[in-house]
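S.K.: Counting in the numbering used here, the sequence shown runs from 1 upward without gaps.
We treat Cβ as the ideally placed atom computed from N, Cα and C, and that holds for glycine.
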Amino acid sequence: MATSNNRLEQPSFPTSRIPVDAGQLGDAVDAWIGAKDVPPLFIEAKADAFPDVPSAIEWVGAHREALDALILEHGGIVLRGLPIESAADFNALVHNFPLYKPGYVAGMSPRKKVKEDVLESTRLDKNFKIQLHSEMAYMKQYPPRIAFFCRTAAPIGGETIIGKMSEFMKRLPADLAAKLDSHDYHVVRNYAPAGNTRDAAEVSHGDQVGWDEAFFADSREEVEERCRELGMEPSWNDDGSLTLVEISKPFTVHPKTGERFYRANLHVNNAYEDGGLAEIQAKVRASQKRPTGHYLGNGEMLSRDESNRITSIFQEIELAWPWQDGDVMILDNLQVVHGRNPFDGPREVMVALLDH
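#1: For the alpha helix (DSSP H) containing Q131, name the first residue and the last one.
#2: When the Cα atoms are used, what is the spatial distance from Q10 to A320?
#3: Apart from the five residues on each side of it in sequence, which residues of its chain come closer than 8 Å, Cβ to Cβ, to L354?
#4: Should G76 be listed as close to the ligand GDP, given that the test is whether its C-beta is under 7 Å from any heavy atom?
#5: So, with DSSP's three-state summary, where would you put A352?
#6: With distances taken Cα to Cα, identify the nearest neighbour of H74 among G34, A47, K113.
#7: Whole angstroms are fine: how far does the CA of V203 sit from the CA of A282?
#8: Name the two residues that bound the continuous beta strand (DSSP E) containing K115.
#9: As a quick exercise: from T152, D37, P39, A264, pick the residue whose alpha carbon is nearest that of F343.
#10: Our contact map puts G81 next to P39 with C-beta atoms below 8 Å; I'd like the distance itself, whole angstroms only.
#11: I need the boundaries of the beta strand (DSSP E) containing W236, first residue and last residue.
#12: Taking the Cβ atom as the reference point for each residue, do I313 and L172 lie within a distance shorter than 8 Å?
#13: Would you tell me roughly how many angstroms separate the C-alpha atoms of L8 and G345, rounded to the nearest one?
#14: In terms of alpha-carbon separation, which member of A137, V53, P19 lies closest to V337?
#15: Is it buried or exposed for W211, if we count other Cβ within 10 angstroms and need 16 for buried?
#16: Using the rule of at least 16 other Cβ atoms within 10 Å of the residue's Cβ for burial, across every protein chain shown, is Q335 buried or exposed?
#17: Which one of G326, V351, N341 has the shortest CA to CA distance from P83?
#18: Could you spell out the range, first to last residue, of the beta strand (DSSP E) harbouring E246?
#19: Buried or exposed for S241, going by 16 or more other Cβ atoms inside 10 Å?
#20: For P250, count neighbouring Cβ atoms within 10 angstroms of its own Cβ and tell me buried if that reaches 16, exposed if not.
#21: Using the beta-carbon count (16 or more within 10 Å), is W236 buried or exposed?
#22: Secondary structure at L8, three-state DSSP: helix, strand or coil?
#23: Out of curiosity, what's the CA-to-CA distance linking S307 and I18?
#24: In terms of alpha-carbon separation, which member of A45, S16, K36, D37 lies closest to L25?
#25: Just checking my contact of K170 with T243 at CB under 8 Å: how many whole Å lie between their CB atoms?
#26: Thinking C-beta only, is V187 closer than 8 Å to P291?
#27: Identify the residues that DSSP records as bridge partners of M136: which are they?
#28: Am I right that L296 and H183 are in contact with their C-beta atoms under 8 Å? What's the rounded C-beta distance?
#29: With DSSP collapsed to three states, give me the class of P346.
#30: Can the beta-carbon of G339 be found less than 8 Å from the beta-carbon of Q131?
#31: Taking the beta carbon of R228 as the centre, do at least 16 other beta carbons fall within 10 Å, making it buried, or is it exposed?
#32: Output the distance between the C-alpha atoms of Y191 and T252, rounded to the nearest integer angstrom.
#33: Assuming D117 contacts N91 under a Cβ cut-off of 8 Å, what Cβ separation, rounded to an integer in Å, is found between them?
#34: Could you give the DSSP three-state label for R17: helix, strand or coil?
What follows is the structure, given as C-alpha cells:
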C-alpha cells in the first residue's frame with residue numbers, strides 16, 4: 001500500500017446511469033453501471049423494499065449465489081439503499097459470505113477490530129492519498145474479496161478509489177512485464193514494538209504499526225504461532241520490533257477466471273520522493289536493522305523509471321465515485337484494486353475480508 005501527498009482530488013467517474021438486467025435479484029432492487037465495462041455494478045434498493053435490517057440481511061442471504069456471480073462478472077458491486085447503519089449490521093451482512101479465515105493478521109495498515117469480523121478501513125493520515133493496490137498484495141496468502149461499509153461519508157474527499165486490473169494488464173509494457181515475470185517477489189516488512197500505535201487516533205506511516213496491533217496479539221508466542229500458520233518466519237529485533245521476510249510471485253492467476261494479474265508492491269519503493277511522508281519514512285527506516293522494502297528475487301529493486309511507469313498506469317485506470325452513508329461495496333481483490341482519496345471532516349469506513 002502506497003500513499004502520496006496529493007490532496008483532495010476531484011472524483012473521476014462516468015456520470016451515466018446505464019440500467020443492467022439483474023432479474024436474478026428479484027423486484028426489490030434496480031441495477032446499473034456508470035459506463036460499459038467499468039466497475040462497480042450498483043445494486044440499489046427500491047423505496048420501502050427493506051423495512052428493517054433483518055429483511056435486508058435475509059435478502060442478501062437468499063440472493064448470495066446471484067451476488068457472487070455479479071461480483072465475478074463486474075469485478076465488484078455496491079449495495080445501496082439497504083438499512084445498514086452500524087458495524088453490527090455490516091457484520092451480519094458479510095456473514096452471508098464466506099469469511100477469509102486468516103483475517104488481517106500481519107497487515108501493514110493500522111486497523112483495529114470494530115465488531116467481530118469488521119475492522120477499521122485504516123487510521124493512516126487523512127491528508128495523504130492511499131494509491132491503488134490489491135489488499136495484502138505483499139503477502140503470499142491474501143483475501144480473495146474485500147467488503148467496505150461507509151457509515152459516514154466525508155463531506156470533502158475520502159472516496160474509496162478503484163481500478164480495473166484487466167485495464168492495467170493491457171497497459172503494462174511487455175518488456176517490464178517480462179522482467180517481473182522472470183523473478184520472484186521478495187518482501188521485507190517491519191512492525192514497531194508492541195503498543196506503538198495502540199492508542200494512536202491517526203498513524204503517519206505503515207511501518208509505525210506495532211506488532212501487537214498487526215497480529216491482534218498480546219504476546220510474542222501468539223505472533224510466532226500465527227506466523228507458523230501463514231508460513232512466515234519472524235525475526236525479533238533488540239528494540240522489540242519485528243521483521244518478516246516473505247517470498248511470492250509478482251503475478252497471480254485468478255482461480256475462477258484464469259486471468260493473470262499483477263499483485264505486488266514492487267513499484268512503491270520510490271513512492272515518497274519528497275514532502276512529509278518521505279521524511280517520516282526515511283527516519284523510520286533508518287532505525288530498522290533490515291529496512292522494509294520490495295525486491296526482485298535477485299535482490300534488486302525496480303528502477304525509479306520502472307516504478308513510475310507502473311504508478312502512472314494505476315493513475316490512468318483510477319476511478320472514484322462519492323460514497324453515500326450506508327453503502328456497502330464488495331470487490332474481487334484480484335480484478336479490482338482500491339485506495340483512498342484524502343479527505344476533510346469526519347469519515348467512517350469499515351472493512352471485512354472475504355473468501356470466495
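M.R.: Working from what's here:
#1: Here Q131 belongs to no alpha helix (DSSP H); instead the beta strand (DSSP E) covers 129-133.
#2: Unreliable positioning characterises Q10 in this predicted model, as indicated by a pLDDT of 47, which lies under 50. A coordinate reading is not provided.
#3: V94, F97, P98, L99, Y100, P143, P144, R145, I146, A147, I330
#4: Although the ligand GDP was asked about, the structure shown includes no ligands whatsoever.
#5: strand
#6: G34
#7: 16 Å
#8: 113-115
#9: T152
#10: 19 Å between Cβ atoms; not a contact.
#11: 233-236
#12: yes
#13: With a pLDDT of 48 at L8, under the threshold of 50, the predicted position of this residue should be treated as unreliable, and no value is reported.
#14: A137
#15: buried
#16: buried
#17: G326
#18: 242-248
#19: buried
#20: buried
#21: exposed
#22: Confidence is the limiting factor: at L8 the pLDDT is only 48, short of 50, which leaves the residue's position unreliable, though a coordinate-based value still follows. L8: coil per DSSP, three-state reduction.
#23: 36 Å
#24: A45
#25: Not quite, the Cβ-Cβ distance comes to about 37 Å (not below 8 Å), so this is no contact.
#26: no
#27: Looking at the DSSP assignment, M136 forms no beta bridge with any residue, so it has no partner.
#28: 4 Å
#29: coil
#30: yes
#31: exposed
#32: 26 Å
#33: 6 Å
#34: coil
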